[in-house]
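Here the working numbering = 1-based position in the sequence shown + 93.
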Amino acid sequence: MAEPVTALVPLADLYIHPFNTRSTPPDAEIEALADSIDQMGLLQNLSGYDDAAWLEGGIGGIGIVAGGRRLRALQLLTDRAGKTRDSVTVPVLITKDGDTARLWASAENAARQPLHPADEVRAYARMSDTGAQPAMIAKAFAVTERHVRQRMTLATLPIAALDALRADQITLDQAGALTSAQSEEALLAELRRVLSSRWSVSAADIRRNLLPRGIPLDDRRVKWLGLDAYRNAGGVIQEDLFSDDARILDEALLDKLFGDRLEKCTEFNRCKGYAWVKIHAKDAWIPFDLIEKLARVDLVPVELPEADAAELETLTEADDLTEEEYARLQELEGRAAGDISDDDRAVAGIYLYVDARGELKTSGPWREKPQASGSDEVATAKVETLPQSLTEDMRRTQRLAIQTALLGKPELVLDLLTVALTAPVWNWQCPLSISPSLSPIAPEKADATVIDDRLTDAVNDGKAM
């Protein structure tokens, strides 16, 4: 059997031999490898089989049994450079023995093992120390720039943490979470906790211990302001390359920016002629205690032109609307709802707030409730409260009336139940109150009260089914 020889073979004479059983790699992987070869050169020769059977079949050339990815990358580099494949030669270790070729193909597949993450970290760090930028390192190792930046972040870990990673005492995710530490002392303390724990410690648990408490980016204030406004004001953001998580650390600055922008919106709305415009920045809704002593000002409806009215009816009845159609529907509904009178506007006001979706909302218009009086003087007599038993009977009677009315509308009940179970609304906004316990519907003084049998249980004790 002839010994294998290394020869320079024109790229055009090389093909992937059937002995090379590795699946065809993605184009992106070949492009990354081509960048690596372009940057570092071909570090490992191809292994080929001078197959007489293929030569007799008119194929010719050398079949590559080990190094198919490298061959594809070299072909791509040649095509990029605008050269012909005949003009480029490649060093290939060649055998004419079929058994040897099969052995090379099997050895290539069996021996291929990815670099351990800890070794990757140290290799990237050594290249970085020589002045190589992440983009250059990514090309050299045929990986993405983000991958390099993640590994370079791990390179900042103390030797003890990297040694634990190399010994597989901690996972790559746990190592990434350790980079969240604000000091080496805190990091090493957390590493000791992880190594001594009888149970597996998740990366999320490590981050919770190490990260300062911050404001998530899905906070309504952040959504409304935008990250750029916070950054431009000098705000600090804690970012994590390993979890794609980021948090705002300066809540005081965020609140100031939030309040300042709300104040500008207040000035804009005052120009609409309201007697007052107030901000409620604390919550994503208007609490009842803010408006319990106020009365809502009714709008004066407006009759739309015939064409607009017909369009509103069409859009209202449509099942699916595009964003443009929905915006048009809101516009027409707003116009049809009308506005308040000038007299009401002179004494009315609105509240401004930002809801959970990060959208500016208005509540109102509101005005002070008129004070009851028997003459020119304000009535100061204390209003007598109803007995508790009577109040409870009234509640039960109301519940009974509603449930009785719904007995004949099962489809409506199902629709309301669907909304209550699936709609993203607050409990107090739900059309139904769903509870596992039975709600009494029979008043204590039930004279002349008729209750449908379908609303009572088996023992007919007067409670809702």
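Quick reminder that beta carbons are idealized off the backbone N, C-alpha and C, glycines included.
Nothing here was measured: the structure is a model prediction, and the numbers come from that model.
Counting only the same chain and skipping the five closest in sequence on each side, list residues whose C-beta sits under 6 Å from that of residue i.
i, result
"ALA474", "Its pLDDT being 48, under 50, ALA474 is placed unreliably by the model, and nothing is read from it."
"ASP181", "A quick correction: the sequence has Val, not Asp, at residue 181. Contacts found: LEU104, THR171."
"GLY366", "ARG438"
"LEU284", "ALA254"
"ARG259", "ALA211"
"LYS371", "TYR444"
"ARG35", "Residue 35 falls outside the range modelled here, since the chain spans only 94 to 558, and no answer is possible."
"VAL390", "ILE433, ASP437, ALA441, PRO458, ARG460"
"GLU416", "none"
"ASN362", "VAL370"
So residue i and residue j are supposed to be a Cβ contact under 8 Å. How far apart are they, rounded?
i, j, result
"TYR142", "ALA100", "The Cβ separation is near 13 Å, so there is no contact."
"ALA441", "ARG460", "5 Å"
"VAL214", "PRO227", "Contact flag wrong, Cβ pair sits at about 13 Å."
"ALA270", "ALA296", "4 Å"
"LEU397", "LEU405", "7 Å"
"LEU164", "PRO97", "Not really, about 18 Å apart at Cβ, beyond 8 Å."
"PRO394", "ALA429", "7 Å"
"ILE130", "LEU167", "7 Å"
"ARG324", "PHE351", "The pair is not a contact, with the Cβ atoms about 15 Å apart (cut-off 8 Å)."
"TRP369", "GLY451", "Actually they are not in contact, since the Cβ atoms of TRP369 and GLY451 sit about 25 Å apart, beyond 8 Å."
"ILE544", "ARG489", "ILE544 to ARG489, Cβ: 10 Å. No contact."
"ILE341", "ILE308", "4 Å"
"ALA322", "LEU346", "Contact doesn't hold; Cβ gap of about 10 Å is too wide."
"SER221", "MET245", "6 Å"
"ASP312", "ALA377", "Wrong, their Cβ atoms sit about 10 Å apart, outside the cutoff."
"LEU281", "ALA257", "Contact flag wrong, Cβ pair sits at about 11 Å."
Short of 8 Å in beta carbon distance, which residues of its chain neighbour residue i, apart from the five on each side in sequence? Order them along the chain.
i, result
"GLU122", "ARG162, ALA235"
"ALA159", "ASN113, LEU139, SER140, TRP197, ALA198, ALA200, GLU201"
"ALA279", "LEU303"
"LEU483", "none"
"LEU425", "LEU397, ASP401, GLU404, LEU405, LEU408"
"LEU383", "HIS373, TYR444"
"LEU320", "LEU310, ILE330"
"PRO111", "GLY156"
"THR542", "THR490, LEU493, ALA535, PRO536"
"MET229", "GLN132, MET220"
"TRP78", "The chain is shown from 94 up to 558; residue 78 falls before or after that span and cannot be answered."
Who are the near neighbours of residue i in its chain, counting only those whose CB is closer than 7 Å to its CB and skipping five residues on each side?
i, result
"ALA539", "none"
"LEU510", "LEU525"
"ARG547", "LEU500"
"GLY431", "LEU392, VAL393, PRO394, VAL395"
"ALA127", "ALA166, LEU169, LEU170"
"THR154", "Per the sequence presented here, residue 154 reads as Gly, with Thr not at that position. Excluding positions up to five away in sequence, the list reads ASP106, LEU107, TYR108."
"GLU332", "ALA339"
"ASP435", "none"
Provide the residue(s) that pair with residue i in DSSP beta bridges, ordered along the chain.
i, result
"SER456", "TYR444"
"GLY141", "ILE157, ILE187"
"ASP432", "VAL393"
"GLN331", "ARG340"
"LEU387", "GLU461"
"TYR108", "GLY156"
"VAL181", "The partner list for VAL181 (beta bridge, DSSP) is empty, contrary to what the question assumes."
"VAL98", "ILE187"
"PRO398", "The partner list for PRO398 (beta bridge, DSSP) is empty, contrary to what the question assumes."
"PRO103", "THR182"
"ILE308", "ILE341"
Please classify residue i as buried or exposed, where buried requires at least 16 neighbouring CB atoms within 10 angstroms.
i, result
"LYS502", "exposed"
"GLU470", "Only weak support exists for where GLU470 lies, its pLDDT of 48 falling under 50; the value from the coordinates is given anyway. That one is exposed."
"ILE495", "exposed"
"THR223", "exposed"
"PRO517", "exposed"
"ARG173", "exposed"
"THR188", "buried"
"TYR217", "buried"
"LYS176", "exposed"
"PRO184", "exposed"
"GLY427", "exposed"
"ALA231", "buried"
Counting only runs that start and end within the stretch 357-384, where is the alpha helix (DSSP H) found for 4 or more residues in a row? Here the runs fully enclosed are 381-384.
If you scan the stretch 184-260 from start to end, which runs of the alpha helix (DSSP H) of 4 or more residues do you find wholly inside it? Counting only runs of 4 or more, we get 191-204, 210-222, 227-234, 238-247, 252-259.
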